[in-house]
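Residue numbers (our numbering): 1 to 295.
Just so it is clear, CB atoms sit at the ideal spot from N, CA and C, and this is done for glycine as well.
Working notes, beginning with the structure itself.
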Ligand SMILES: [Zn+2]
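Written as structure tokens, this is what we have:
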């Protein structure tokens, strides 16, 4: 599998890497995903992507440090590609139609090929903006200039635990990590970040959002009862893990089944992709059927 990231990775030399080669998930990654718990999911994303991203632009192999340095949306983009390769484009969900006069439980089919992906307006390793005078308040105008980078996987890893406990503190930490310069202060440090007015924080956040590539976290679905469309929140990361986690018991049954009949080692079977595993299981069930019919 190959493709092009909506954002891209800037290396230390100021070179942008966007095209990638991706290896499909094997039983090993499925097992890894099945074991993880939600609090450390950003770390798991790093681990899975470090195993599956074979090449990124001129970087091969791709070390986990580079995977950590990928923009949040680029990581989501890669997860989406892995899911589509492993389980196909279609997702079926049972939902309650949100239209008040309908409210029927309907089964909807969502196509992952339709998840909107937005490229950023322009790409740069760092961006500069100027805070409004309202945001600056009575602070020195020299501090109006903000230089920042966009949030990446390393930020997600650092933040995900704090985000559950204290969202405001998590935002302060995110800004401390991503703001590279505040006027003459480079970097400004957490004390200066904590002194920013709520308006200033909001302006920086808004600008980051506008400059970041996006993998839409909602998809449109149509109600089979009333025919109207509605938006379904779609958290790719949570979805990806939840789905594969639910399959963990099945994974072990499949490994057992193949090991039992073919006498392959667990290790060899775990290194197969899901597709390959399933192909052997299909062949096996055909064979077993022939044998039992012949008996
Ligand atoms: Zn409806």
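Shown here, residue 227 sits in coil according to DSSP, grouped into three states, outside any helix or strand.
In this structure, ligand 1 has no non-hydrogen atom nearer than 7 Å to the beta-carbon of residue 109. The C-beta separation of residue 120 from residue 7 comes to about 6 Å, placing the pair in contact by the 8 Å criterion.
Here the alpha carbon of residue 100 sits roughly 15 Å from the alpha carbon of residue 222. With contacts defined by Cβ atoms closer than 8 Å, residue 14 and residue 125 form a contacting pair. The beta carbons of residue 18 and residue 69 sit no closer together than 8 Å. Annotation: the continuous beta strand (DSSP E) that includes residue 128 extends over 127 to 130. Shortest gap from the CB of residue 275 to any heavy atom of ligand 1: 7 Å or more. Following the DSSP letters along the chain, one finds residue 48 inside the alpha helix (DSSP H) bounded by residues 41 to 52. Counting only the Cα atoms, residue 267 lies some 33 Å from residue 71.
In this structure, residue 225 has its beta carbon less than 7 Å from a heavy atom of ligand 1. Annotated three-state conformation of residue 10 is strand, per DSSP. Annotation for residue 218: the continuous beta strand (DSSP E) segment containing it runs 218 to 222.
In this structure, residue 54 lies near residue 21, with their beta-carbon atoms less than 8 Å apart. For residue 269, the enclosing alpha helix (DSSP H) stretches over residues 266 to 270. In terms of Cβ geometry, residue 180 and residue 187 form a close pair [threshold 8 Å]. Nearest Cα to residue 147 within the set 176, 270 and 170: 176. In the structure shown, residue 122 adopts coil according to DSSP, grouped into three states.
If you draw a straight line from the Cα of residue 114 to the Cα of residue 185, it comes to about 43 Å. Nearest C-alpha to residue 106 among 238, 24 and 229: 229.
Across the structure, residue 104 and residue 234 are spaced so that their CA atoms are roughly 20 Å apart. As computed with DSSP, residue 17 is found in a beta bridge with 9.
Set against 7 Å, the gap from the CB of residue 104 to the closest heavy atom of ligand 1 is smaller. Taking C-beta atoms under 8 Å as the contact rule, residue 273 and residue 25 qualify, at a distance of about 7 Å. For residue 148, no alpha helix (DSSP H) segment is defined; the enclosing uninterrupted segment is the beta strand (DSSP E) at 145 to 148.
No Cβ-Cβ contact shorter than 8 Å links residue 118 with residue 5.
Beta-bridge analysis with DSSP links residue 109 to 92.
The C-alpha of residue 232 lies about 47 Å from the C-alpha of residue 293. Excluding the 5 residues flanking it on each side, residue 171 has same chain C-beta neighbours closer than 8 Å at 201 and 205, in chain order.
Relative to the non-hydrogen atoms of ligand 1, the Cβ of residue 264 never comes closer than 7 Å to any of them.
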